[in-house]
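Q:
There are 4 protein chains.
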Amino acid sequence: MNRRIGVIGAGLMGLTHVRLLSGAVSGAEVVAVSDALPEAAERAAAEAGIETVHGDAFDLIHDERVEAVVIASPAATHEAFAVACIEARKPVLCEKPLAETRDAARRVLDAELAAGSRLVHVGFMRRFDPGYADMKAKLDAGLVGRPLLVHCAHRNPVVPPSFGSEMIVTDTVVHEMDAVRWLLGQEIVRATVLTPRPTSHAADGVHDPQFVIFETEDGALADVEAFVNARYAYDIRCEVVGELGTIALPPATPVLVRRDGREAAELPDRFQERFGAAYVGELQAWVAGTATGASAWDGYAAAAVSEATVEALRSGRAMDVALDPRPDFYAAGPRTAG
Amino acid sequence: MNRRIGVIGAGLMGLTHVRLLSGAVSGAEVVAVSDALPEAAERAAAEAGIETVHGDAFDLIHDERVEAVVIASPAATHEAFAVACIEARKPVLCEKPLAETRDAARRVLDAELAAGSRLVHVGFMRRFDPGYADMKAKLDAGLVGRPLLVHCAHRNPVVPPSFGSEMIVTDTVVHEMDAVRWLLGQEIVRATVLTPRPTSHAADGVHDPQFVIFETEDGALADVEAFVNARYAYDIRCEVVGELGTIALPPATPVLVRRDGREAAELPDRFQERFGAAYVGELQAWVAGTATGASAWDGYAAAAVSEATVEALRSGRAMDVALDPRPDFYAAGPRTAG
Amino acid sequence: MNRRIGVIGAGLMGLTHVRLLSGAVSGAEVVAVSDALPEAAERAAAEAGIETVHGDAFDLIHDERVEAVVIASPAATHEAFAVACIEARKPVLCEKPLAETRDAARRVLDAELAAGSRLVHVGFMRRFDPGYADMKAKLDAGLVGRPLLVHCAHRNPVVPPSFGSEMIVTDTVVHEMDAVRWLLGQEIVRATVLTPRPTSHAADGVHDPQFVIFETEDGALADVEAFVNARYAYDIRCEVVGELGTIALPPATPVLVRRDGREAAELPDRFQERFGAAYVGELQAWVAGTATGASAWDGYAAAAVSEATVEALRSGRAMDVALDPRPDFYAAGPRTAG
Amino acid sequence: MNRRIGVIGAGLMGLTHVRLLSGAVSGAEVVAVSDALPEAAERAAAEAGIETVHGDAFDLIHDERVEAVVIASPAATHEAFAVACIEARKPVLCEKPLAETRDAARRVLDAELAAGSRLVHVGFMRRFDPGYADMKAKLDAGLVGRPLLVHCAHRNPVVPPSFGSEMIVTDTVVHEMDAVRWLLGQEIVRATVLTPRPTSHAADGVHDPQFVIFETEDGALADVEAFVNARYAYDIRCEVVGELGTIALPPATPVLVRRDGREAAELPDRFQERFGAAYVGELQAWVAGTATGASAWDGYAAAAVSEATVEALRSGRAMDVALDPRPDFYAAGPRTAG
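Sequences listed follow chains A, B, C and D, in order.
If you count the first sequence from 1, you need to add 197 to reach this note's numbering.
If you count the second sequence from 1, you need to add 197 to reach this note's numbering.
If you count the third sequence from 1, you need to add 197 to reach this note's numbering.
If you count the fourth sequence from 1, you need to add 197 to reach this note's numbering.
So, in structure tokens, the structure goes:
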């Protein structure tokens, strides 16, 4: 018996979820879709053979046939939709960020606490990437000892001119906020943003690249190069340095070509390629209910770190992360693997 | 609506298919299973929640609820089951080999020709491995020019003592027979087997490793090191050398660890790990009907090459492959990618 | 006709130079050696067949047979010996640092300016490492566009307990100070030192690892992880990120071993292994007079950056580098490759 | 005191030796040069400041100032010059091959036996390549157990049209003949040559690539892809497969570049680049007398294998190597590392 899913949002991410749920995940069926642009929803429904198109996302959430919901609409809508899902007692996979602000994320958290059951999964898909998952397993097994440093790079080939300096924090570095918290099993307590001279390929006034430094509760440091007009590829790097050694993601490449005086590995161009297996793994685990991935707490913590990091970017100074104490309800917190 | 699958054989391979069809493939449902050992079938049914257990595989094939069949029983049974599926007009994914002999495979081919529709898919899963698939795409695009040589290694860490010299050809090298035919889009016309001194880890009298050399219809050479007691890992290598360069599979590793004076990549231990994504991709494509993979012709050709290679092993001489002309029905032959 | 060299210092570095000059460099002959410990000098002389042992380094400098001098004695002695060599108009290869303080280095610089000829070469041997040299050539050719960021790691397996926090700056990071200045062809103008929680393998009170951030005159950023009790290997990493791509040092390994479930590359244990070819290349170029390597200006600039970085470590704040204007005499400055 | 060297042959290889002996090797001085083309010898002498040019190589050999001789003239002259050096009791480094035929090589061997002292070093420089040397050390240490298979590739980007099928054996594969003998410490007893369809970049009638298979006295197999118009690079591959694992040469590259959607390592274009360090190491060891490298026996054995392999190419059949018993004088035979 397939689980009946409703998908809110039929843009790039929503469509990706519809396609994977329909063609690459076992035990799932997309039965409803909605989008603020009715024609986008209609197009997705036609492509994937989805029965119902809702004009209003709340109607989708309350549709009796819908057993679980994917939220892939713009960030500003996440809070309201997530809270509605919680109140309807329906499991929800909410694309990152959980909400646009720390306070909004707190409200989702409170809703879940009030509901008394873990319904929210935040779409930090990297936890399901084979490389990150293996890194996490080896760190937890103590293979390289206590982690001291994490070196990350997050490079996109290009972004639209509207993608400003703060979006580099909130849309790009947010993935590393979750990855660092999860890999180390520690909260991030302080953020600093350094802004080297920008690339000439950045839009005027945009700080690209940025070099972000996080400090964790136990005093480990994580540095993140975020470079969204890096031109050459979509390239994600992560190396954790422990007391006994390091663990790093290698470039993921299916073949090596020797030609024209070079041995070369192709790099992916888009996150959909790079993290294709991660998205499938995340959806499969969510549908099967075998793994929780990032919780509402993780979504809230990422929102808090994000807010502090934007402040650090604006002020040029190190900023503390304002984080409420973690409710016992989320005891395992970031220490639980996906 | 899910496609209703029956699985014949509940041993290692059958169970793998049951699990993937039930937990990792979209649009499929295993509704029946059978095995010569009733308790094996019962166990699989219980694990995966399969409704029906058939004592007789032919009953499974003729079960009205079963829309398509996976054959994962011992090789000796493949011919009869495959022919029965064809006669019942049900799509069938038959694990390699299609049949135990060239003549038996020819009979399956003839049954399909008589049925007049492509119902048989042979389980050469490597065609769905991301590395092989990318290699095939790049070869077809002419990236390294006309292929001249293929270097392969197929290493298992260990096999049971019953795994004899001829099984190294029929069970191990058979994968390379298909891979070479498919990558180059050419038939193999001649085989030679060289037998270096055996490893001390081989059973008495078993030639392990073997070094097999294939010649294709256009004069390209493929060499295959088959080494089934290689101890260190399950390791599959393939490099195609063309007139302009080479394309090779890299070691597939999720992370790199630096520890104890070394940078190391873990290698897989079993084919299930190494080709996990390939099995899922093959089953997904078969269920969706979006790709045909290896055809009955490919299964027949592999059987013919296999027979010649065993003869070459026995005789110590080069042996020609006896291959009937390809029926127009299979016009695209090995040139069709999976 | 061989160039007749005198070597001051017969400790680890001095002995390395004696051996390479005697056994791996063309056109050189070590004719004199001195050390504060006479027996060390005697031992080196006996091993390498050196005719003369001087009790006093100044005697060596003024020895008529000595045409050129290598200074490999403790840092505190560099200034006086370097100035004496300059005054004697003898070419001198001075191990890093050129002098213990910025002011002392300035006095060497002034001596060379007064002499009016380039006599001083500072032993930043990385400029002669094949990897660094290729990286420099590709950067200068514009292969990856204007450099924006440099990521470095400098890891030693272990240091003696006496190797304190400030030595990590002055003895370890000093190599990256020169490498960054040279690779980018820019002066470093500001330094910050972050101190994550120390490894449990560090001596009490020692900040290890340290994370150092340099800003260059054009606004590029360089980050350096300096980790001197990293246990697993001697490991030097460097990646320059430009507007169009990146250039990085790969792990330098002569062979790849597949064994025990892993493909592994051995990493070196000591800087002598890692930079063996660099030392030979540096000495060969210096003896042949075909390349100047790091100049007195480079030595002075490194001393100035070093002083600011130690201040940054002590204060926990970003510190500006106090650098006099570069005399025209050193016009090519750090932009000249080795 | 420098060793005084005479170099016979001022073509590509002779000039390479002159330059390395003059500019990269410790303790050597080229005092005389000769060439069949007097102007070539004059040019080399002028470039390297060599005092004496001999019109006749025998005069060079007998020149009292010359203490040791490098033979880098055409292969047809090697026997006579090597014998003359032996008779003059002067150490000689003879470029490969030791002689043009097995019988000629035998005569050099006999001359050395008659002289009763090891004077001949054959220029199989790969024994001094860091990768090969490390592979040899690890094999000898038993790291991967008893060797069973060796996979080699020897690829040149291009050769002149005059470089015919047999030269691919005698000039190209000859390096692998020595490498395999040396790495395994075994004689090669049988050779087979397979000729796949040639690349369209080969001259008419030339078999390129060739696939050569050697069998050793203990039953190990070595396969060599020799491809001299491979276009893309000068690429040397070697992997030894033992009972416990494998050891392979990695691509030797100083930096990794990420640009234009690829991570790429440059490959060398010419053997001089690829084996630059090996040539220096070989000359240095020879000048210092600290290592013998390939002996006259090794040169004789390579000539015998070469002759059998040419026969195998001509006949299309496996050919036995005709090898006299090894004199006790060369007891350590190929088992001695360089």
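Glycine included, C-beta positions come from ideal geometry on N, C-alpha and C.
1) Helix, strand or coil: how does DSSP classify residue 469 of chain A here?
2) Rounded to the nearest angstrom, what separates residue 200 of chain B and residue 340 of chain C at their Cα positions?
3) What do you get for residue 234 of chain D, buried or exposed, if any count of 16 or more other CB atoms within 10 angstroms of its CB means buried?
4) According to DSSP, what are the bridge partners of residue 517 of chain A?
5) Taking residue 473 of chain D as the query, report the chain A residues whose CB atoms sit under 8 angstroms from its CB, ordered along the chain.
6) Quick one: what's got a C-beta closer than 6 angstroms to residue 335 of chain C's C-beta in the same chain, skipping five residues either side?
7) Does the CB of residue 259 of chain A have a neighbour CB from chain C at under 8 angstroms?
8) Are residue 459 of chain A and residue 350 of chain D close, meaning C-beta to C-beta below 8 angstroms?
9) Just tell me which of C:345, C:388, C:401, C:374 has its CA closest to the CA of residue 357 of chain C.
10) Return the residues of the segment 414 to 447 of chain C that lie within a Cβ-Cβ distance of less than 8 angstroms from chain B, sorted by chain order.
11) Does the beta-carbon distance from residue 214 of chain D to residue 204 of chain D come in below 8 angstroms?
12) Between residue 199 of chain B and chain A, is the shortest Cβ-Cβ distance under 8 angstroms, so that the two count as touching?
13) May I have the straight-line CA-CA distance separating residue 303 of chain D from residue 361 of chain D, to the nearest angstrom?
14) Give a yes or no on whether the minimum CB-CB distance between residue 396 of chain D and chain B is below 8 angstroms.
15) How would you call residue 531 of chain B, buried or exposed, if buried means at least 16 neighbouring beta carbons within 10 angstroms?
16) Which residues in the same chain as residue 491 of chain C place their Cβ atom closer than 7 angstroms to its Cβ, once the five residues preceding and following it in sequence are excluded?
17) Measuring straight from C-alpha to C-alpha, what distance separates residue 183 of chain C and residue 429 of chain C?
18) Do residue 300 of chain D and residue 386 of chain D have their C-beta atoms closer together than 8 angstroms?
19) List the DSSP bridge partners of residue 368 of chain A.
20) Which residues, in order along the segment 452 to 467 of chain A, keep a beta-carbon less than 7 angstroms from a beta-carbon of chain G?
21) Tell me which residues of the segment 334 to 354 of chain C have at least one Cβ-Cβ distance to chain A shorter than 9 angstroms, keeping chain order.
22) Can you tell me which of A:344, A:408, A:286 puts its alpha carbon nearest to the alpha carbon of residue 346 of chain C?
23) Going by DSSP, what residue range makes up the alpha helix (DSSP H) through residue 222 of chain C?
24) With 8 angstroms set as the bound, which would you pick, yes or no: does the beta-carbon of residue 152 of chain C sit closer than that to a beta-carbon of chain A?
25) Is residue 437 of chain D near the ligand SAM, going by C-beta to nearest heavy atom under 7 angstroms?
26) Since residue 331 of chain D meets chain C, which of its residues come closer than 9 angstroms, beta carbon to beta carbon?
27) Fully enclosed by the segment 299 to 324 of chain C, which beta strand (DSSP E) runs are 3 residues long or longer?
28) Under 6 angstroms Cβ to Cβ from residue 383 of chain B, same chain only, skipping five residues before and after it: list those, please.
29) Hey, does residue 385 of chain D have any beta-carbon neighbour from chain B nearer than 8 angstroms?
30) What is the C-beta distance between residue 282 of chain D and residue 258 of chain D, in whole angstroms, given that I count them as a contact (C-beta under 8 angstroms)?
31) Give the residues of chain B in contact with residue 222 of chain A, contact being defined as C-beta atoms less than 7 angstroms apart.
32) In three-state terms, what does DSSP make of residue 439 of chain B?
33) How is residue 280 of chain D classed by DSSP in three states: helix, strand or coil?
34) When you check each C-beta in the segment 359 to 385 of chain B against every C-beta of chain D, which residues fall closer than 7 angstroms?
35) Helix, strand or coil: which one does DSSP assign to residue 444 of chain A?
36) Less than 8 angstroms separating the beta-carbons of residue 202 of chain D and residue 217 of chain D?
A: By the coordinates alone:
1) helix
2) 53 angstroms
3) exposed
4) A:387
5) Within 8 angstroms Cβ-Cβ: nothing; residue 473 of chain D doesn't reach chain A, min ~17 angstroms.
6) 444
7) no
8) no
9) C:401
10) 429, 430, 432
11) yes
12) yes
13) 25 angstroms
14) yes
15) Only weak support is given to the placement of residue 531 of chain B: the predicted model assigns it a pLDDT of 44, under 50, and the value that follows is read from those uncertain coordinates. By the 10 Å Cβ count, residue 531 of chain B comes out buried.
16) 318, 319, 321, 324, 375
17) The structure shown does not extend to residue 183 of chain C, since chain C is modelled only from 198 to 535, so the question has no answer here.
18) no
19) Note: residue 368 of chain A sits in no beta bridge, so no partner.
20) The structure shown contains no chain G; its protein chains are A, B, C and D.
21) 341, 342, 343, 345, 346, 348, 350, 352
22) A:408
23) Run containing residue 222 of chain C: none; DSSP gives neither H nor E here.
24) In the structure displayed, chain C extends from 198 to 535; residue 152 of chain C sits before or after that span and is not available.
25) Among the components modelled here there is no ligand, and therefore nothing to report on the ligand SAM.
26) 450, 451, 452, 463
27) 317 to 319
28) 413, 414, 415
29) no
30) 6 angstroms
31) 223
32) strand
33) helix
34) none
35) strand
36) no
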